[in-house]
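Under mature numbering (1 follows the signal peptide of the UniProt record, and there is no 0), the residues of the sequence shown are numbered -25 to -1, 1 to 691, in order.
Here a beta-carbon is modelled for each residue, glycine too, at the ideal position from N, C-alpha and C.
Working notes, structure below.
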Amino acid sequence: MKRSLAFSMMLVMLVTLLFPLQAGAAYDKELEQAISTAKSVFNIAKGYDTFNYNINKQNDRTVFNLNWRDSKNRLGEIGVTIDSHGKITSYYSFKPFTDRNRQKLPKISKSNALRIADDFIRKAAPFAGNKVMYVDNNEPMNINEGSYRFLYQRVENGVPFPEDNININVDGMTGEIQNYYCNWHGDLAFPDAGDVIPLQKAQNEFANRLGLKLVYKLTFGPGERKPYLVYTTVYNDRFIDAKTGGLITGNNYFNYYRGMEKDMAGGMASYAEGEPVSLTPQEQEAVKNAANLMDQSKAEETARRLLQIDGSFKLNHISLYNDWQNKEEYIWTMDFGREANGAGQYTGISVSVDAKTGDITQFYKFSPETDKPVRYTGEQALKIAEDFIKSMQPAKAKEVERTTWGEPFVEPVSGSEPPRQYDFSFTRKVQEAYFIGNGFNVTVDVTTGEVINYSFNWYKKELSVGEDVLSAEKAHELLFNSVGLQLQYISVYSPENREKLWPTSIENRKPDIKLVYALKPGKPVNIDAYTGKLLNYDGQPYTGDKIAQYTDIKGHWAENQIKVLAEYGISLPGNQLKPEQRIKQREFLYLLLKATNPYLSVDLNDSKNDDNLYNALISAGIVKDGERLPDSFVTRQDAVKFVVRALNFDRVAEVKKKIFALPFKDAQQIKPELYGYMAVAYGLDIIGGNGGNCYPTAALTRAQAFSLVYNYLNVN
């Protein structure tokens, strides 16, 4: 059956590839209409002298993928996807040469860019009408992006349907549309939003039917990964029926919006996290001598003995890696393989062995597909998996519990034919707490009864759950107060409508629409089990990455500059800026770091993070060794020095010849070694004068610091 299915898929692919060549006569009118519609909506200049397209058929729709280029590569490329009904599902515009080699503030404001996006949607997606709503998360933008990203969501009966959405990018310099993507179902029946159960009842049903679990997670980021204890959700696709209060299983678009993918990345399904760096033979020898690890031959012998890998399998590769979770531990990974019956069919086994204990931590067996009949039921497969775990780790098998929240949905392969394999997850429990990412994953082939995939992951340091852990009732109270539930439409697919093998276009799927109560998006569902505070997915307190709103800058000369920078997360902590207060070096350099490297997170409220701040700036060449004075007040000339270095103009500023001249009456007060820096900054309109003076030795105020960084980001 599998072979015939594979042949059918290959035939479909061949037909798809050949389709454009055969489509000429049958689709010429539709193609002409698609081109005409695209050119009427988008500004496709005559200079695009190269045109290509391909066609695919989706039920009653013909989909045209249109592409324009110019042979001289001056205009770039435009791509449009449009169907025979005139619906535009995607658009992109690529320019070959742009001045984006460093951070710059956009010329187009966010409000103007949003108006451009609104107008574009009215042209490109008239079918959406007034059923789309802009979703503003009120988070700072990224100064490196160069464009605005806007998300619109479908709304029916005043209730969001997040699966139907429009994403659009607007160039911050030109106001041009860079990308547009529309996910939109056709004819759907949305249930009425009235006559729903009260919110309080929905909260009670959520707590009783789904509920928070007490869970250990591991921190993310560099260095040692440490466990932290939280109350969190584990059922990402289950909701409370807003009409009945019952359970509904469906799609959750906001899993990724909320950041749950990070949890799953650290979970049972991803033991390859944090791709380790392979050690050289010399490093392997050093590690072996220091840690008393088994050598390569012992590792191979262990794998062959425990998994009964006979001599017909050749060892093709072996490497020693650092364990991503237990940093002092090391893992041998091996790949064995052989050709099956000399027919070019390959059978392989990938194995990982703990280099100190000799435990098998992972293996995966792959072999040519066969038409063997299914011989075992799901219940029998579960028993096989449980017995296998007991044989591999008898003591730890007593410390796990079978959990289904992370297991994939199992469907028949075709019609009444049962699944050919089952996946099982067994999660470690420490007292009453589950340890996400610790335990066993087992896959059983039910045609042979063989375990073909096995993962064992275990944090080796001591764990315990303290007596002062919050009750589940208190955790739910905090959840509903700090995160909350909202009404939301979701799609539910009956088994016969689910994709068996390959995902098809959203247009081809006709789900049922259900009205549910779901957790509101935007905040992490991580409640500290001891303090009740929300935690980020790195285990740190969640403060909300919101745009700073200062209460003491209204009417100030730098108000606009301060607000613009705050939109990009370039701001100082607190509700009051105190704009005329002198700024410390740590604070000014923090602003400059946010303007040059927005991806680096540094907590300015904790002086323990000074090392991270200064190391990043020294690495970037903005600060030199010996210039670290975090609590000193920054002079104007020293601030200019840092800004000019951020522009990489310091080599120009340090030219020894007397080529610089400044018009300021107090220019003689500038340090000789900083004269060129001040001249470069003046020439680039980063600084100006006041009453004919530049006041180089005066302490910089907070408002002046914002103005300086603002001018830096506006240098042409």
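For residue i, I'd like the list of residues in its chain whose CB is within less than 8 Å of its CB, leaving aside the five on either flank, ordered along the chain.
| i | result |
| --- | --- |
| Val190 | Leu204, Val205, Tyr206, Thr207, Val209, Ala408, Tyr409, Phe410, Ile411 |
| Ser(-22) | Low confidence applies to Ser(-22): its pLDDT is 41, below 50, so where it sits in the model is not reliable, and the reading given next is rough at best. Counting only Cβ-Cβ distances below 8 Å, and skipping sequence neighbours, we find nothing. |
| residue 727 | Residue 727 is absent from the model: the chain starts at -25 and stops at 691. |
| Leu637 | Ile645, Tyr650, Met653, Ala654, Tyr657, Cys669 |
| Asn511 | Pro499, Asn501, Tyr517 |
Which term fits residue i, buried or exposed, when burial requires 16 or more other beta carbons within 10 angstroms of its beta carbon?
| i | result |
| --- | --- |
| Gly225 | buried |
| Phe69 | exposed |
| Glu275 | buried |
| Ala164 | exposed |
| Gln(-4) | Note that Gln(-4) has pLDDT 46, beneath the 50 cutoff, so the model's placement of it is unreliable and no number is given. |
| Lys365 | exposed |
| Asn105 | exposed |
| Arg620 | buried |
| Gly663 | exposed |
| Ala217 | buried |
| Tyr321 | exposed |
| Gly161 | exposed |
| Ile83 | buried |
| Phe563 | buried |
| Ser546 | buried |
| Tyr305 | buried |
| Phe341 | exposed |
| Ala370 | exposed |
| Phe681 | buried |
In angstroms with no decimal places, state the Cα-to-Cα distance between residue i and residue j.
| i | j | result |
| --- | --- | --- |
| Asp35 | Asp58 | 10 Å |
| Tyr66 | Ile19 | 12 Å |
| Tyr685 | Arg626 | 22 Å |
| Ala504 | Ala450 | 8 Å |
| Glu125 | Lys538 | The sequence as given places Phe at residue 125; Glu does not occur at that position. Straight-line Cα distance between these residues: approximately 20 Å. |
| Val419 | Pro394 | 11 Å |
| Tyr127 | Pro101 | 14 Å |
| Ile152 | Val55 | 12 Å |
| Lys498 | Gly519 | 8 Å |
| Thr352 | Thr422 | 10 Å |
| Asp270 | Lys508 | 47 Å |
| Ala628 | Gln300 | 47 Å |
| Glu448 | Lys192 | 21 Å |
| Pro647 | Phe635 | 11 Å |
| Leu282 | Asn154 | 51 Å |
| Glu314 | Gln368 | 32 Å |
| Asn691 | Ile661 | 11 Å |
| Lys188 | Ile359 | 28 Å |
| Lys176 | Thr219 | 10 Å |
| Ala13 | Ile118 | 32 Å |
| Pro343 | Gly323 | 10 Å |
| Tyr28 | Ser272 | 56 Å |
| residue 693 | Gln612 | The shown model of the chain, from -25 to 691, leaves out residue 693, and the question about it has no answer. |
| Tyr23 | Ile10 | 13 Å |
| Asp310 | Tyr339 | 10 Å |
| Ser327 | Lys373 | 23 Å |
So, under 8 Å CB-CB, residue i and residue j are touching, yes? Tell me the CB distance rounded to an integer number of Å.
| i | j | result |
| --- | --- | --- |
| Leu688 | Lys32 | Their Cβ separation, rounded to whole angstroms, is 49 Å, which puts Leu688 and Lys32 out of contact at 8 Å. |
| Gly651 | Val630 | 6 Å |
| Ala656 | Val598 | Their Cβ separation, rounded to whole angstroms, is 17 Å, which puts Ala656 and Val598 out of contact at 8 Å. |
| Tyr492 | Phe181 | 7 Å |
| Gly675 | Ala614 | Before going on, a small fix: residue 675 reads as Leu here, not Gly. The pair is a contact, with the Cβ atoms about 5 Å apart (cut-off 8 Å). |
| Pro486 | Tyr468 | 5 Å |
| residue 765 | Leu222 | The chain is shown from -25 up to 691; residue 765 falls before or after that span and cannot be answered. |
Which same chain residues end up closer than 6 Å to residue i when comparing Cβ atoms and leaving out the 5 residues on each side of it in sequence?
| i | result |
| --- | --- |
| Gly333 | Thr277 |
| Val577 | Asn584, Asn587, Leu588 |
| Glu114 | Asp520 |
| Gly514 | Thr194, Tyr203 |
| Glu52 | Arg44, Phe69 |
| Lys347 | Thr422 |
For residue i, I'd like the list of residues in its chain whose CB is within less than 7 Å of its CB, leaving aside the five on either flank, ordered along the chain.
| i | result |
| --- | --- |
| Phe455 | Gln178 |
| Val440 | Leu204, Val405, Gln406, Glu407, Ala408 |
| Ile528 | Glu534, Ile537, Leu552, Pro554 |
| Phe639 | Gly664, Gly667, Asn668, Cys669 |
| Leu174 | Leu460 |
| Phe288 | Phe311, Gly312, Arg313, Ile324 |
(request) Would you check if the region 166 to 178 and the region 135 to 146 touch, i.e. whether three or more CB-CB distances between them fall below 8 Å? (result) no
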